[in-house]
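S.K.: Read in order, the letters of the sequence shown are residues 1 to 224 in this note's numbering.
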Amino acid sequence: MFTGIIQCTGRIVAVARRGDERRFTIEPAESFADLRDGESIAHNGVCLSVESHGARDYVAYASGETIARTTLGALAVGAEVNLERALAIGDRLGGHLVSGHVDCVAHVRRLIPAGASLRVEIAFPAAHAPEVIAKGSVALDGISLTINDCTRDVLQVNVIPDTQKRTTMRHWRAGTAVNMETDVIGKYVRRLLQCGEAQPSVNGERPPQAAKISRDFLLRNGFL
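This is the structure in structure tokens:
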């Protein structure tokens, strides 16, 4: 798990392609002195495992599935990525719970100056609308942000100056593709509601009816 608080950016120093797969060699802007092979690091919000590492860089593998569902396939040598190492027990949870499993690719629609901050409008696939709520959380390229407002397929976030300076967000322009992960709690609630609906028959046999999920059920079980 991650928090969406970017620790530093990294630079892609090599890309090895094999079919749909990629192996990226990444050099963090700050030293990861205690880096270990096998640990998880979020790259623009995508969780990848460290295969090997040297004194200043490390290698991470991305499967064809990851390349197909995220923006990582567009990364070339010299590209900059947001980096966050996995959350350790006892760390401060400064952002929100982020899994590093990207739900969709969204696109920057507009950037609007708002004092020292920047309001950013993001267009996303409407299929994810039930997981996007005003004043809820979203991870965009791994950055934890609060949703100011939203419609069925557009959300707006406010980006403070420090975030603009410390992340790849400073390179965003209208049309920029970004990895989007919706709130993990919202996804589980949505799935619970779906599983409460009547189940279809299989080979003429209907499976046992799942417990009906309602507001009263959620209240009784401490969800609301």
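Ideal placement from N, C-alpha and C gives every residue a C-beta, glycine not left out.
(1) How big is the Cα-Cα spacing for R58 and Q7?
(2) Just curious, the alpha helix (DSSP H) that T66 is in, first and last residue?
(3) Would you mind reading off the limits of the beta strand (DSSP E) that contains R17?
(4) Ignore the nearest five residues each way along the sequence and tell me which others in T70's own chain have a CB closer than 6 Å to its CB.
(5) For H43, is the classification buried or exposed, using 16 other Cβ atoms within 10 angstroms of its Cβ as the cut-off for buried?
(6) In angstroms with no decimal places, state the Cα-to-Cα distance between I185 and A29.
(7) Rounded to whole angstroms, what is the Cα-Cα separation between C104 and A114?
(8) Rounded to the nearest angstrom, what separates A76 and L140 at their Cα positions?
(9) Using the Cβ count rule (16 or more neighbours within 10 Å means buried), how would you classify G54?
M.R.: Straight from the coordinates:
(1) Mapped onto the sequence shown, residue 58 falls at position 58. Mapped onto the sequence shown, residue 7 falls at position 7. According to the sequence provided, residue 58 is Tyr. The question's Arg does not apply to it. One C-alpha to the other measures close to 16 Å.
(2) Counted from its first residue, the sequence shown places residue 66 at position 66. First-last of the alpha helix (DSSP H) with T66: G64 to R69.
(3) Here residue 17 refers to the residue found at position 17 of the sequence shown. Segment C8 to R18, the beta strand (DSSP E) holding R17.
(4) Along the sequence shown, one-based indexing puts residue 70 at 70. So the qualifying residues of the chain are V46, V102 and N179.
(5) Within the sequence shown, the letter at position 43 stands for residue 43. Its Cβ being crowded by 16 or more others within 10 Å, H43 is buried.
(6) The residue given as residue 185 occupies position 185 in the sequence shown. The residue given as residue 29 occupies position 29 in the sequence shown. Here the alpha carbons of A29 and I185 stand approximately 32 Å from one another.
(7) Within the sequence shown, numbered from 1, the residue matching residue 104 stands at position 104. Within the sequence shown, numbered from 1, the residue matching residue 114 stands at position 114. So the two alpha carbons sit approximately 27 Å from each other.
(8) Position 76 of the sequence shown, counting from 1, holds the residue named residue 76. Position 140 of the sequence shown, counting from 1, holds the residue named residue 140. Straight-line Cα distance between these residues: approximately 20 Å.
(9) What you label residue 54 is simply residue 54 of the sequence shown in a count that begins at 1. Exposed.
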